[in-house]
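Report on the following structure.
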C-alpha cells in the first residue's frame with residue numbers, strides 16, 4: 132500500500148509540474164520497489180509481475196490526473 136501511495140503522489144506531482152517525458156521515470160521507480168519486495172518480502176515471479184503492473188498503472192493514471200490538473204493557458 133505504501134508503494135501505491137508513493138507512486139500516486141509522484142505521478143500527481145510529475146503530471147502537474149513536469150512534462151510528458153517524466154512519465155518514463157516510473158520504470159526505475161517500479162524496478163527499485165520490486166527489488167525491495169524481492170529482497171525483503173521474498174516475492175515470487177508471478178507476484179512481482181502483478182505488483183509491477185499494478186504500480187506502473189497506478190503511477191501512470193496518477194500522472195494523467197496530474198496533467199488534467201494543470202491550469203489552462205491564460206489562467207492565473
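Numbering (my numbering), first residue to last: 132 to 207.
Heads up, the beta-carbon is just placed ideally off N, CA and C, and yes, glycines get one too.
Just so you know, these numbers come straight off a predicted model, no measurement behind them.
Linking residue 179 to residue 206 through their CA atoms gives a straight-line distance of about 43 Å. With a 10 Å radius around the Cβ and a threshold of 16 neighbouring Cβ atoms, residue 199 comes out exposed.
Assignment of residue 206 by DSSP, reduced to helix, strand and coil, places it in the coil class. Residue burial annotation: residue 136 is exposed, with fewer than 16 other C-beta atoms found within 10 angstroms of its C-beta. Sequence-distant partners of residue 164 (beyond 5 residues in either direction) whose C-beta falls short of 7 Å from its own C-beta, in its chain, are 134 and 186. Under the Cβ criterion (8 Å, minimum of three pairs), the region 187-194 counts as touching the region 141-159.
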